[in-house]
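Enquirer: Dumping the structure here so I can ask a few things about it.
Chains as they are written, first to last, in this note's numbering: chain A, 1 to 596; chain B, 1 to 282.
Written as structure tokens, this is what we have:
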């Protein structure tokens, strides 16, 4: 017999207390009377007066002691069978998609892992407690913690690995926490760890397989040429060429079907498409891993930036026109979204939705003084997106005027003099180029078109709509609504549907079930995006292997309390004994109790 | 069942000189040896009246007819055998001690003998449910003295008393009651009522006993009590009030009240009962 809570044995002190009560209880000699009612008014009992006499062994005493003993044993958690202490199995399941890759026998690492786990449960007995954890960027408990064994099998049947490639570290941390000192930890994956593992058993159930997978996909639209293209990156994990069938479908109609000869490692191909097609599905014929055989791509809607060049005639205006002419999806408009003009335009209040770029003198921000020509060194704020790819090497910055303190937020400076600065804290407040376009050689430097392109692209990114139209699963999606939401914002992707915060800017990660993702406002579809698996690491099944490493913690104590007192017959025996003793004592005839 | 140990020869000997006292006022009953309240067939002349159809011709006073030529009949006093209802408390409280039970047995036997001597239609009442039972010979009283009931017949709402009967009630009256209500019920429509309270001396005048557990013999609970001077004083005061209530109620109902203490010699008891006009010399 064991005790799960030995401190409960202190309750046995109740037994000597009961004996003492019986020993010292007040005993008056019985006296039969005819008219008790005449005595009731004069009832007087002494304050003390206990006397010691031989302990009367009465039914009441026996029943009370029995009840106290049984209750004390219950409190102490008495168990007949030490086996009531259950083994606790904590299993971390690698939830990456490669676990679902099937071999020629149509058997996957997932199947082998499930089989092995069920065998382990069978070996440890049905009383074993089990905790199943799914790995991932956010690991999740599939069963448990410390659930009974029968819950494991239904949960394992529903387990379908489909995550992108991820580290098992987060899942392992959670598994270790849940295992504590009581659990034996197992990890089921399709690859062995690079280093040795401690206090856990790593079971790799992988198998090296040949797999062809789409690891990159892009759909582009050239509005000027009226052409659309799908660019695919295909990975072949085998050392030789493999032939596969490629099918393109859109809206249920087949657009293209061709045999593809895929060379080893990674290769690319471009598939021309007529523009204006809805979502197109590209599918390769079946192989080991089904998840990377198909992508769904949505045609991007070009976001055209309307521009106005208000610079005075001269080399500056010409250089700007040349730089803008090299950019796609740009149009000149009388109602522009981006205005290039002299610095004096920044003096006026900006219109809503209009970004302004000013060049040269602006009276309210500049001090009187001589303009300076600078050849460097220039100090750029490297992380600013405006300067992406800009070096300013060999540039003579001519006509830089001294500026008032705090007149701009500098992006490029020379000494204390800001050369490019933001008028306000945000870029849409205005950008000031502190230079003379007529003198500087910046307009002839390679940095000039880059700077202009960066400004245009920044403006484009701030237009309403998604930044991109096709995403990788788990990638961050950012969509500008461009207005206040009129209804409930949510998205639907396969069978996943989630609410989005009601704001002008929606940011969320693309969900795991790949395919079309509809961003909706109430029941209206605002944007339709494509989400695809595209995971080169998971597609490469050539390095998967089987084997085991490490040993589970054999010192794990197992779970005691969680095994449930009701499973032990002693619990019920004690409970019945205590109840019977209490009821029996209660039902003893009053006279018997009185004379005891 | 408790064995009865009534010394009948001794009882007969002690009771030979007494009988139950009958009231002086006329009483009702079957034809017998006692004067009744109406006219009857005794030899004692009562009155004259004119003859009417159906009168017994033997009672026609022919001498008067000769003198007055009017048929006149003689009326004689009625003679009846009186009814006696002997109400006995046979609850457990009457056998709370062996001494009380034995003394009560003897008192009942004495009264049974007195009833027999009265040559009356004597009946014994011990419970409302069983009604009244005839007492043909004094020894039959033993059948009723079992002391197994938890209630006294007086505690029941109806006591099966007969109209115009001579009533003798024996009890310790140690149960909660309203004496006026109780006595009023017992005396209603009766010829006479004699109440005899029978208690142990300890029940009337307890002494200091120290702590004891009082057990009500009729199952009305138990109680730990320390019987000290103050408790005795309180008890006596309450018992005195109970007895005084009975005395006053008897007085109002025209009944006689006697308190008999168990253990007193039989002769002294007879003397007490005779003094209280419950018994009379035969």
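For glycine and all other residues, C-beta sits at the position ideal for the given N, C-alpha and C.
Just so you know, these numbers come straight off a predicted model, no measurement behind them.
Taking CB distances under 9 Å as the criterion, tell me whether residue 39(A) reaches chain B.
Expert: yes
Enquirer: Specify the secondary structure class of residue 518(A) as computed by DSSP and reduced to three states.
Expert: Note: residue 518(A) maps to strand in three-state DSSP.
Enquirer: Output, in chain order, the set of chain B residues within a Cβ distance shorter than 7 Å of residue 36(A).
Expert: 214, 216, 220, 221, 223
Enquirer: Can you confirm whether residue 3(A), when its beta carbon is compared against all beta carbons of chain B, has any partner nearer than 9 Å?
Expert: no
Enquirer: In the DSSP output, which residue or residues are listed as bridge partners for residue 359(A)?
Expert: 342(A), 433(A)
Enquirer: What does a CB cutoff of less than 7 Å around residue 106(B) pick up in its chain, not counting 5 residues either side in sequence?
Expert: Closer than 7 Å at Cβ, skipping near neighbours: 6, 11, 266.
Enquirer: Looking at the strands, I want to know which residues DSSP matches up with residue 47(B).
Expert: 75(B)
Enquirer: Express the C-alpha separation of residue 210(A) and residue 240(A) in angstroms, rounding to a whole number.
Expert: 10 Å
Enquirer: Taking just the CA atoms, how far does residue 580(A) sit from residue 73(A)?
Expert: 15 Å
Enquirer: Would you tell me roughly how many angstroms separate the C-alpha atoms of residue 351(A) and residue 428(A), rounded to the nearest one?
Expert: 11 Å
Enquirer: Is residue 455(A) buried or exposed, if buried means 16 or more other CB atoms sit within 10 Å of its CB?
Expert: buried
Enquirer: Given this structure, state the Cα-to-Cα distance separating residue 60(A) from residue 588(A), to the nearest angstrom.
Expert: 8 Å
Enquirer: Going by other Cβ atoms of all chains shown within 10 Å of its Cβ, with 16 needed for buried, is residue 275(B) buried or exposed?
Expert: With fewer than 16 Cβ atoms within 10 Å of its Cβ, residue 275(B) is classed as exposed.
Enquirer: Can you tell me which of the three DSSP states residue 507(A) falls into?
Expert: strand
Enquirer: Just checking: is the beta-carbon of residue 64(A) within a distance shorter than 9 Å of some beta-carbon in chain B?
Expert: no
Enquirer: On the CB-based measure, 16 or more other CB atoms within 10 Å of its CB, does residue 100(B) come out buried or exposed?
Expert: Looking at its Cβ environment, which holds 16 or more other Cβ atoms inside 10 Å, residue 100(B) is buried.
Enquirer: Do residue 439(A) and residue 398(A) count as a contact pair if the criterion is CB distance below 9 Å?
Expert: yes
Enquirer: Three or more C-beta pairs under 8 Å: does that hold for the stretch 282 to 289 of chain A against the stretch 243 to 256 of chain A?
Expert: Note that the stretch 282 to 289 of chain A touches the stretch 243 to 256 of chain A; at least 3 beta-carbon pairs, one per stretch, sit closer than 8 Å.
Enquirer: Nearest-angstrom Cα distance between residue 434(A) and residue 228(A)?
Expert: 41 Å
Enquirer: Identify each residue in the stretch 152 to 165 of chain B for which the Cβ-Cβ distance to at least one residue of chain E is less than 7 Å, and report them in chain order.
Expert: In the displayed structure, chain E is absent; the protein chains listed are A and B.
Enquirer: Would you please verify whether the beta carbon of residue 149(B) is less than 9 Å from any beta carbon of chain A?
Expert: no
Enquirer: Across the stretch 288 to 299 of chain A and the stretch 521 to 536 of chain A, are there enough close Cβ pairs to call them in contact, namely three or more that are closer than 8 Å?
Expert: With the cut-off at 8 Å, the stretch 288 to 299 of chain A and the stretch 521 to 536 of chain A touch.
Enquirer: Taking 9 Å as the cut-off, decide whether the C-beta atoms of residue 113(A) and residue 197(A) are in contact.
Expert: no
Enquirer: When Cβ atoms are compared, which residues of the stretch 128 to 161 of chain A fall closer than 9 Å to chain B?
Expert: none
Enquirer: Quick one: is residue 525(A) buried, meaning 16 or more other Cβ sit within 10 Å of its Cβ, or exposed?
Expert: By the 10 Å Cβ count, residue 525(A) comes out exposed.
Enquirer: Count the other C-beta atoms from every protein chain shown that fall within 10 angstroms of the C-beta of residue 197(B), then say buried if there are 16 or more, exposed otherwise.
Expert: buried
Enquirer: Between the stretch 383 to 396 of chain A and the stretch 352 to 365 of chain A, can you find at least three pairs of beta-carbon atoms closer than 8 Å?
Expert: no
Enquirer: Span of the alpha helix (DSSP H) holding residue 222(A)?
Expert: Where residue 222(A) is concerned, there is no enclosing alpha helix (DSSP H), although the beta strand (DSSP E) it sits in stretches over 212 to 222.
Enquirer: Just the C-alpha distance for residue 95(B) and residue 153(B), rounded to the nearest angstrom, thanks.
Expert: 15 Å
Enquirer: For a contact meaning CB atoms closer than 8 Å, what does residue 31(A) contact in chain B?
Expert: 209, 212, 213, 214, 215
Enquirer: Ordered along the chain, which non-local residues of its own chain (more than five positions away) have a Cβ less than 6 Å from that of residue 669(A)?
Expert: The question about residue 669(A) has no answer, for chain A in this structure spans 1 to 596.
Enquirer: Who are the neighbours of residue 304(B) on chain A, taking C-beta pairs under 9 Å?
Expert: What the structure shows of chain B is the stretch from 1 to 282, and residue 304(B) is not part of that stretch, so it cannot be assessed.
Enquirer: Between which two residues does the alpha helix (DSSP H) carrying residue 583(A) extend?
Expert: 569 to 587
Enquirer: Please state whether the Cβ-Cβ distance between residue 117(B) and residue 238(B) is less than 9 Å.
Expert: no
Enquirer: Could you tell me the alpha carbon to alpha carbon distance between residue 233(B) and residue 210(B), rounded to whole angstroms?
Expert: 14 Å
Enquirer: Find the nearest neighbour of residue 11(A) within the set 29(A), 38(A), 78(A), judged by alpha-carbon distance.
Expert: When each option's Cα is compared against that of residue 11(A), the closest is 78(A).
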